[in-house]
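Residues 2 to 394 (the numbering used here) are what the sequence shown spells out, left to right.
Ideal placement from N, C-alpha and C gives every residue a C-beta, glycine not left out.
Note that the structure is a prediction, hence the values are computed from the model and not measured.
Down below is the structure, laid out as structure tokens.
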Amino acid sequence: MAVELKKGIYWVGAIDWNLRDFHGYVTGRGATYNSYLIIDEKITLIDTVKAPFYNEMMSRISKVIDPSKINILISNHLELDHSGSILQFVRDCPQAKIYTGKMAEKGFKKYFPGVPFETVKTGDRISLGSRSIEFIETPMIHWPDSIFSYIPEEALLFSMDGFGQHIATSGRFDDEVDMHDVMAEAGKYYANLLTHLSPLISSTLKKVAELNLTIDMIAPSHGIIWRSNIPAIMEAYQRWSSGRTKKKIVIIYDTMWESTEQLAGTIADTLTEHGIETKLMKLRENHRSDVMAELLEASGVFLGSPTIHRNLFPTVADILCYMRGLKPGKKIAAAFGSYGWSGESVDLINAGLKEAGFDVMEPGVKAMFAPDENELAAVRNLAASMAERVKNG
Ligand code: FEO
Numbered sequence: 002m003a004v005e006l007k008k009g010i011y012w013v014g015a016i017d018w019n020l021r022d023f024h025g026y027v028t029g030r031g032a033t034y035n036s037y038l039i040i041d042e043k044i045t046l047i048d049t050v051k052a053p054f055y056n057e058m059m060s061r062i063s064k065v066i067d068p069s070k071i072n073i074l075i076s077n078h079l080e081l082d083h084s085g086s087i088l089q090f091v092r093d094c095p096q097a098k099i100y101t102g103k104m105a106e107k108g109f110k111k112y113f114p115g116v117p118f119e120t121v122k123t124g125d126r127i128s129l130g131s132r133s134i135e136f137i138e139t140p141m142i143h144w145p146d147s148i149f150s151y152i153p154e155e156a157l158l159f160s161m162d163g164f165g166q167h168i169a170t171s172g173r174f175d176d177e178v179d180m181h182d183v184m185a186e187a188g189k190y191y192a193n194l195l196t197h198l199s200p201l202i203s204s205t206l207k208k209v210a211e212l213n214l215t216i217d218m219i220a221p222s223h224g225i226i227w228r229s230n231i232p233a234i235m236e237a238y239q240r241w242s243s244g245r246t247k248k249k250i251v252i253i254y255d256t257m258w259e260s261t262e263q264l265a266g267t268i269a270d271t272l273t274e275h276g277i278e279t280k281l282m283k284l285r286e287n288h289r290s291d292v293m294a295e296l297l298e299a300s301g302v303f304l305g306s307p308t309i310h311r312n313l314f315p316t317v318a319d320i321l322c323y324m325r326g327l328k329p330g331k332k333i334a335a336a337f338g339s340y341g342w343s344g345e346s347v348d349l350i351n352a353g354l355k356e357a358g359f360d361v362m363e364p365g366v367k368a369m370f371a372p373d374e375n376e377l378a379a380v381r382n383l384a385a386s387m388a389e390r391v392k393n394g
């Protein structure tokens, strides 16, 4: 069915209940691809859905109106979870005029050769009849092409990936679902897609705030629609984009014969004794996208690896690669790890952490074979030092 947001405006998207992998990000609660139908003199569709869900979207649209009557498609974002069914849409609704962001031009032509479209920029406005749509360029929420579409007559903002969450629910609105789950997924979404873009997101949000838009509903392209908790998600985005943290340290590691694990456990005990919120995550049991979610508001991180083949344990190399891209903020970091013969892992972690933008407490702690009392004392001291820095930070 289609769900009415406001009189004559409907959610007509798709629910991907069983999605567990979104380009390498684990989506334990599924996802939705939200598109919206506006019934006015010019019937308008805001975004499409991921290609395999096109029929689901069209079936929902058909419950309201004959889809061939759609006059306008607004493509707020070129990524294929929203634009992936544009070719099918153009086949079925060839008369619809397509608007997209100025920065989408190059990609739109490559993805959809020959499909006519018009680009829009901040301040552009189109009339739908009794309502209008204003466009706001919001680069890097989530790609450079991204735009918000705003209906002033309805105080309704279509925010595309912004304020979205990967969560499949039967309720469409924030006051119909468990907010704890929704905020956790909003944070995970931010941590895995947007962290490295925080300075740009912060300035984009400031520019949007300066427009003084009246907003009583935010309809993102993923997850639930905000109408009762708008201040909560706005405040969270300000917190995340400004890099604000709490007194929390995440210990990430992998292990071969439990020596690195013993160091990790000793660090966790020491941090807990110092009153620090602590999270211990073994990489073979915790997906990188869950690790990033835990790091979002953490002040510090320990990363541990045994040395294997004169290198890092593969899962540790993987998380370093991921963190180098996402750059989870200026947090304190330290390395630890065990070795039998050559012992490169700790130095490699230090180098990787610096590349990812961390403030690294060098040289870290190495333990040969199994940690002895001196090595355990060294790791305790390192944990205590980080705990004090976090407490005083
Ligand atoms: Fe939901 Fe950046 O696409």
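(message) I'd like the list of long-range same chain contacts for VAL209, defined as Cβ closer than 8 Å, with 5 residues on each side in sequence excluded.
(response) Taking C-beta separations shorter than 8 Å and ignoring five residues to either side along the sequence, the partners of VAL209 in its chain run ILE137, THR139, PHE149, following chain order.
(request) Give the C-beta separation of THR196 and GLY330 to the nearest angstrom, bearing in mind that I take them to be a contact with Cβ-Cβ under 8 Å. (result) So it is a contact: roughly 7 Å between Cβ atoms.
(message) Helix, strand or coil, according to DSSP, for LEU158 in the structure here?
(response) Here LEU158 sits in strand by DSSP.
(message) Measuring CB atoms only, is the region 221-240 touching the region 278-290, in the sense that at least three cross pairs come out at less than 8 Å?
(response) At 8 Å Cβ cutoff, the stretches do not touch.
(request) Report back the beta-carbon spacing between HIS223 and GLN166 to the nearest angstrom; my notes put them in contact at under 8 Å. (result) HIS223 to GLN166, Cβ: 6 Å. Contact.
(message) Using a Cβ-based criterion (distance less than 7 Å to any ligand heavy atom), does HIS310 qualify as near the ligand FEO?
(response) No, the beta carbon of HIS310 sits no closer than 7 Å to any heavy atom of the ligand FEO.
(message) Can you give me the C-alpha to C-alpha distance between ILE66 and ALA52, rounded to a whole angstrom?
(response) Their backbone Cα atoms lie some 21 Å apart in a straight line.
(message) Applying the 10 Å Cβ sphere with the 16-neighbour rule, what's the burial state of LEU327?
(response) Around the C-beta of LEU327, 16 or more other C-beta atoms lie within 10 Å, and the residue is accordingly described as buried.
(message) For ARG381, which residues in the same chain have their Cβ closer than 7 Å to its Cβ, ignoring the five residues on either side in sequence?
(response) Excluding residues within five positions, the ones whose Cβ falls inside 7 Å are THR267, THR271.
(request) Whole angstroms is fine: what's the gap from LYS249's alpha carbon to ARG21's? (result) Their backbone Cα atoms lie some 28 Å apart in a straight line.
(request) Apply the 10 Å Cβ neighbour rule to LEU354 and answer buried if 16 or more other Cβ atoms are within range, or exposed otherwise. (result) That one is buried.
(request) On a CA-only basis, which of THR170, ARG311, ALA156, ILE47 is nearest VAL13? Give me that one, please. (result) The residue with the shortest Cα to Cα distance from VAL13 is ILE47.
(message) Using the three-state DSSP reduction, which class does TRP342 fall into: helix, strand or coil?
(response) The three-state reading of DSSP puts TRP342 in coil, since its state is none of H, G, I, E or B.
(request) Decide if PHE314 is buried, meaning its Cβ has at least 16 other Cβ atoms within 10 Å, or exposed. (result) In the assembly as shown, PHE314 is a buried residue. Its beta-carbon has 16 or more other beta-carbons within 10 Å.
(message) Measuring straight from C-alpha to C-alpha, what distance separates ARG228 and THR273?
(response) Roughly 39 Å separates the two Cα atoms.
(request) Keeping to the same chain, check which residues put their C-beta closer than 6 Å to that of LYS103; ignore five residues upstream and five downstream. (result) The beta carbon of LYS103 sits closer than 6 Å to those of THR120, LYS122, all from its chain and outside the five residues before and after it, given in chain order.
(message) Tell me the residue span of the beta strand (DSSP E) that contains LYS367.
(response) DSSP places LYS367 inside the beta strand (DSSP E), whose first and last residues are 366-369.
(request) Work out the CA separation of LEU214 and GLU278 for me, nearest whole Å. (result) Between the alpha carbons of GLU278 and LEU214 lies a gap of roughly 38 Å.
(request) Considering only heavy atoms of the ligand FEO, list every residue whose Cβ is less than 5 Å from one of them, following chain order. (result) Ordered by chain, the residues meeting the criterion of a beta-carbon within less than 5 Å of a non-hydrogen atom of the ligand FEO are GLU80, ASP82, HIS143, ASP162.
(message) Spatial neighbours of VAL366 within its chain, please: C-beta separation below 6 Å, excluding the five flanking residues on both sides.
(response) Result list for VAL366: PHE337, ALA379, VAL380, LEU383, in chain order.
(message) Just to confirm the assignment, what range does the beta strand (DSSP E) spanning ARG21 have?
(response) Counting along the chain, no beta strand (DSSP E) covers ARG21, and no H or E run does either.
(message) Is GLU389 close to chain D? Criterion is C-beta to C-beta, closer than 8 Å.
(response) Protein chains in the displayed structure number just one, and chain D is not present.
(request) Compute the Euclidean distance between the alpha carbons of GLU106 and TRP18, then round it to the nearest angstrom. (result) Straight-line Cα distance between these residues: approximately 32 Å.
(request) Kindly indicate the opening and closing residues of the beta strand (DSSP E) around MET395. (result) Because the chain in this structure spans residues 2 to 394, residue 395 falls outside the shown range and cannot be described.
(message) By alpha-carbon positions, which one of PRO153, SER243, GLY85, MET161 ends up nearest to TYR112?
(response) Relative to TYR112, the option among PRO153, SER243, GLY85, MET161 whose CA is nearest is GLY85.
(message) Buried or exposed for ASP394, going by 16 or more other Cβ atoms inside 10 Å?
(response) Correcting the residue type first, residue 394 is Gly in the shown sequence and not Asp. Exposed, since its Cβ has fewer than 16 Cβ neighbours within 10 Å.
(request) Count the other CB atoms, across all protein chains shown, that sit within 10 Å of the CB of ASP41; report buried if there are 16 or more and exposed otherwise. (result) Buried, because 16 or more other Cβ atoms sit within 10 Å of the Cβ of ASP41.
(request) Using DSSP bridges, identify the partner residues of ALA336. (result) In DSSP, ALA336 forms a bridge with LEU304.
(request) Give me whichever residues DSSP pairs with MET218 in a beta bridge. (result) According to DSSP, MET218 shares a beta bridge with LEU157.
(request) Flag this pair as yes or no: are the beta carbons of ALA368 and GLU376 separated by less than 8 Å? (result) In contact: ALA368 and GLU376 (Cβ atoms closer than 8 Å).
(request) Inspect the CB distances between the region 299-315 and the region 180-188 and report whether three or more fall short of 8 Å. (result) No: the two stretches stay apart, fewer than three of their Cβ pairs being nearer than 8 Å.
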